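Below you'll find the structure, written out as C-alpha cells, and then a few comments.
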Amino acid sequence: MIGRDLLGIEDLDRSDIERILDTAERMREVGNRIVKKVPTLRGRTVVNLFFEASTRTRASFEIAGKRLSADVVNFSPASSSLKKSESILDTARTLDAMDPDLVIVRHAVAGVPKRVADVLDAPVVNAGDGAHEHPTQALLDMLTVRQVKERIEGLTVTIVGDILHSRVARSNIHGFLKMGAEVRIAAPPTMIPVGVESLGVKVFTSVRDALSGADVVMALRIQNERLAGSSVPSVREYSTTFGIDRAKLHYAKDDVIVMHPGPVNRGVELSHELTDDRPSVILDQVRNGVAIRMAVLYLFAGRTSQSDRGEAN
Amino acid sequence: MSRILVRGGRILDPTANRDENGDVLIEGGLIAAVGESLDARGAEIIEAEGGWIAPGFFDMHTHLREPGQEYKEDIASGGRSAVAGGFTSVACMANTQPVNDDPATTDFILDRGRHDSPAKVYPIAAATHGLAGKIVTEMSALIEAGAVAFSDDGRTIQDGGVMRHVLEYSKLVDGLVIVHAEDCSLVGAGVMNEGPVSTRLGLPGNPSIAEDVLVMRDLMLAELTGAKLHVAHVSSGNSVAAIRKAKERGVSVTAEVSPHHLTLTDEAALGYDTNTKVAPPLRSAADVEACRTGLVDGTLDAIATDHAPHALHEKDLDFVEAPPGLIGFETAVPVVLDLLRKGEITPIELVRRLSTHPARILNRPGGDLAVGSPADLVIVDPERSWLYDPAKGYSKSRNSPWAGQMMQGRVVATIVDGRLVYHVDKGVLVP
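Top to bottom, those sequences are chains A and B.
For the first sequence, this note's numbering assigns the number -16 to the initial residue and increments by one for each residue that follows.
For the second sequence, this note's numbering assigns the number 1134 to the initial residue and increments by one for each residue that follows.
In C-alpha cells:
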C-alpha cells in the first residue's frame, strides 16, 4: 500500500515498486503518440518546488505533468534569491494556501521534503534531497534494468563513485535490494559513508573486484569541487582508478549494461565512448524518467480528488 | 521574620549523606532546622508528602541570551523556566551580544539576575576576547566583577597554543576553564552524529572522534599546566574513558553530562526534527550507555542542561542551517529520573549530581541542607506523570525534543532564599 507521499525508496515495499514500474510501462506509450497528452490529471495543479537548481529533473517532471494534462507551476526560490534563513516551512505554508494537488520538492539538504510534507495537505514527491534520496531516479533506473534484463531479482548491480554524497546511490541501494538484487558499491575509502554496510550492500575499494560478474554498472557523477581536495587527490587519479572504461568493463559479465544518472563528466567517471555507445543505456534512462514521473504523478496526485477527500457527499 | 515549614518529605542531603523522612524549617531565608515533627507554629506550610526534599538544583551550563538575543530568551524568562524545573541557581555562558568578555557585561548580567530572575544567576565569562580564540580575557577583572568560570563554549578554542595560555593564565585567579570539546576540522560540515543513522538520513556526519581529540588535548594541557579544567556536555564513550583515566592519574578535571546525552540517541533525528540538532550531537546507544556509566561511577560529576533557546523560525530552517541546541530546564528532572527508574542510581546520588557537585565545582553556595545555609530547595514528586507542552512552559522558546511527550516525575515546588518561587499548582510566583 503506497503512502500519501513519495519521500524515499526506503519507505516502499517491493509490491509498491512493482506497481509504479508497471504503471510507468503503460505511461511510456503516451510518449510515442503524435499528440502526447492524456486527460488524466486535467484540472489538477502540480507544483515543482525546486530550492536547488536543476534543469533535467525539473524538465522531466514538467513534461510528465503536461502529458497528463496537469497544470504545472514552477516555483523556484533559487538559492540566489531565496534569502538564507527564510523559513522553508513558511514557504510551504504559503504554497499550501494556494491548494496545490501535488508538490514536487528538491532541496540541497536532506530531510526538507519530509518537513514540507509534515505541514502540507497535498502529497509531496521528493525530487532529490541532499545526500538522502532521489526516489524517481532509482525507479527509472530499475525500470531501465527491468526492460533490458527482463528481471531485477538475482542480478548483481555495482554502483561506483562518490557514495558518501550521493542520493542516487542511497535510493538505488534501497530499491535494488528490495527487488532482490545484490548491490555492491565501490569508491575511494574517503567516499564510503560510515556504516553503509548496515544498508545491506557489499563494500569494495577495488573496482575490479566490485565489477567481477556484475550485470549492471552504475557510475555516479562526481562533483568537480570534490576532486583535488583532501578526499581525492586529482581528476587523473580518480579517473584512472574509478573511471569506468572498456578495459575495466571486461571484469563484468559480457552482457553488462552501463548506467549513469547524468549529466556525465566525460572522461572522468565514464570514458567518452561508453557515454554514447552500448552497453550504455543512459538515454533509455532519460526516456524512462518521463514515464516514471508520469506514473508517480498519476499514482500520487490522482488520489487527491474531491471525493477522496470526502467533500463530494 | 517569615517562617516556612516544608513538611513530610524524603529529605535528601548529599553533603550530610542524609536520606530520611522529615521536615525542613526555614527562617529568614536560611535553613533553621531539619528533622522529624518540627514545631511549625506561625509557619507557612508547604506539603512535601510523598516527595523528595532536596537542595535546589544547580545548572552549571545554560544560555540565557541576554544581553542581545532577547527574542530567544532573557534573564527573566530563563530564570522563571529554571525554577519551574527545580533549578535555584544557573550559570550562563558568555555567548551573548555583546559577548560577556568584560566586567561591565558581567556586572549587567548579575544585576539583571538579582532583579529579574527568581533563580540565582552566575555569569561565566569568555576565555578569549570576543570568543575569537586569540587573546585571553582580563580574568582578574572578570573574577573581581563576579564571573564564576571562563569558557568560549561552542566557539571552542581550536588553537592548542592559545588553550595552553588560557589554562596557564587561569591559575592567576584560581579560575575554572570550561571546554566545549569539538575539533572543528573533524566536525567538518557535520550536523548529526556520524554513523549508520547519518548515512541513512543522508545528513553530513560529525564523528565522535572530533570530541575525543579535543578532550584528550585539553586533558593533556590541564595535566601540563596544573590548571582546573571542566569538560562540558560529554557525549562520547571514548571521552568518558579518557576523563576517567585522567582523574585516576590526578589531573584536575571535572565533567558534566546533559539529560539529552544520557537518554537520547542519534535515532531521534530520524524524522529530521531540528529540535534534535544539538552540539555535540546525540550519539549512538553505546555512547549513551557509557555516559550513564560515567555519571554513576563519578567520572562525570554533574548533570547540566545546556539550556539553549532558539526561536521557532530559526528551528524551522533545514537541518543544516538550523542552529544547534535545545531547551532543558523544565524537562531535566523527569528525563534524568530514567536512570533511577532503571535502577542505575539512587535518589541521593542523583541529587548530588544535580545540586551538590555543580555548586562545588563552581565554588558557590548550595548543594546542602545544613542549618544556616541559604534556604534554596526543591520538592520533587518522582512519580507524578504529566504531558510536556513547551508552549505552556516559561521559556520564550519551544525547541525541545520532548515536546508532546508524557513525562514521569515533576518538580512540585522551588524555594530560593526561603521564598516560594514556584509551585506546580500556582506556577512561578515571582518576581
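All residues carry an ideal CB built from backbone N, CA and C; glycine is no exception.
Keep in mind that this is a model prediction, so the values were computed, not measured.
Chain-order list of residues whose beta-carbon lies under 7 angstroms from that of B:E1569 (same chain, five-residue window excluded): The structure shown does not extend to residue 1569 of chain B, since chain B is modelled only from 1134 through 1564, so no value can be given for it.
Beta-carbon proximity check, B:C1424 vs B:L1470, cutoff 7 angstroms: no
Contacts of B:H1443 in chain A (Cβ-Cβ under 8 angstroms): Per Cβ cutoff of 8 angstroms: no residues; B:H1443 is ~12 angstroms from chain A at best.
Cβ of A:P176 within 7 angstroms of any chain B Cβ: yes
Cutoff 7 angstroms: A:L72 Cβ touching any chain B Cβ: yes
The region 28 to 39 of chain A touching the region -3 to 4 of chain A, judged by at least three CB pairs closer than 8 angstroms: no
Contact under 7 angstroms by Cβ, B:A1217 with B:Y1521: no
Beta-carbon proximity check, B:K1205 vs B:H1446, cutoff 7 angstroms: no
Contact under 7 angstroms by Cβ, B:E1259 with B:D1240: One point to set straight first is that residue 1259 of chain B is Ala, not Glu, in the sequence displayed. In this structure, B:D1240 does not lie closer than 7 angstroms to B:A1259 by Cβ.
Alpha carbon of A:E256 to alpha carbon of A:V264, nearest angstrom: 12 angstroms
Same chain, Cβ closer than 8 angstroms to B:V1384, neighbours up to 5 away in sequence not counted: L1352, A1355, E1356 and L1362
Proximal residues to A:P(-12) (C-beta, below 6 angstroms), its chain only, five neighbours per side dropped: Checking the displayed sequence, the identity of residue -12 of chain A turns out to be Asp instead of Pro. Result list for A:D(-12): A100, P106 and V107, in chain order.
Chain A residues whose Cβ lies nearer than 9 angstroms to that of B:D1449: S70, I71, L72, D73 and R98
Three-state secondary structure assigned by DSSP to B:H1196: coil
Residues bridged to B:L1255 [DSSP beta-bridge criterion]: Leu is not the amino acid found at residue 1255 of chain B; the sequence shown has Tyr there. DSSP, once it has assigned bridges, lists B:A1224 as partnering B:Y1255.
8 angstroms contact criterion, which B:V1484 and B:L1433 should meet: CB distance rounded: Going by Cβ atoms, the distance from B:V1484 to B:L1433 rounds to 15 angstroms, so no, they are not a contact pair.
Neighbour list for A:E116 in chain C, Cβ cutoff strictly below 8 angstroms: Given the protein chain composition of this structure (A and B), no chain C is represented.
The alpha helix (DSSP H) enclosing A:A93, as first and last residue numbers: Careful: A:A93 lies outside any alpha helix (DSSP H) and carries neither H nor E.
B:K1475 (DSSP reduced to helix, strand or coil): coil
Span of the alpha helix (DSSP H) around B:A1375: G1370 to E1381
Coarse secondary structure for A:E294, derived from DSSP in three states: Residue placement at A:E294 is poorly supported in this model, since its pLDDT is 36, which falls under 50; the coordinates still yield a value, given next. A:E294: coil per DSSP, three-state reduction.
Length-filtered (3 minimum) beta strand (DSSP E) runs lying within the region 77 to 143 of chain A: 85 to 90, 107 to 112 and 139 to 143
Beta-carbon proximity of A:G183 to A:L160, cut-off 7 angstroms: yes
Residue ranges of each alpha helix (DSSP H) within the region 157 to 235 of chain A, 4 or longer: 190 to 194, 218 to 224 and 229 to 232
Simplified DSSP state of A:T298, which is helix, strand or coil: Residue 298 of chain A is absent from the model: chain A starts at -16 and stops at 296.
Neighbour-count burial assignment, B:E1463, 16 or more Cβ in a 10 Å radius: buried
DSSP beta-bridge partners of A:E256: The partner list for A:E256 (beta bridge, DSSP) is empty, contrary to what the question assumes.
Contacts that B:E1327 makes with chain A (C-beta to C-beta distance below 8 angstroms): V177
Partner residues on chain A for B:D1453, Cβ-Cβ distance less than 7 angstroms: Note that residue 1453 of chain B corresponds to Val in the displayed sequence, not to Asp. Those within 7 angstroms of B:V1453 in chain A are V92.
Within 7 angstroms, strictly: CB atoms of B:L1158 and B:L1145: no
Residue environment, B:V1504, which counts as buried when at least 16 other CB atoms sit within 10 Å: exposed
Interface residues of chain B facing A:R150 [CB-CB closer than 7 angstroms]: G1335
DSSP state of B:G1246 mapped onto helix, strand, coil: helix
Rounded straight-line distance, which links the Cα of B:D1172 to that of B:L1164: It should be pointed out that residue 1164 of chain B corresponds to Ile in this sequence rather than to Leu. Cα to Cα, B:I1164 sits roughly 14 angstroms from B:D1172.
C-beta atoms of B:P1188 and B:L1403 nearer than 7 angstroms: no
Per-residue contacts from B:H1577 into chain A (C-beta, under 7 angstroms): The requested residue 1577 of chain B does not occur in the structure, where chain B is confined to residues 1134 to 1564.
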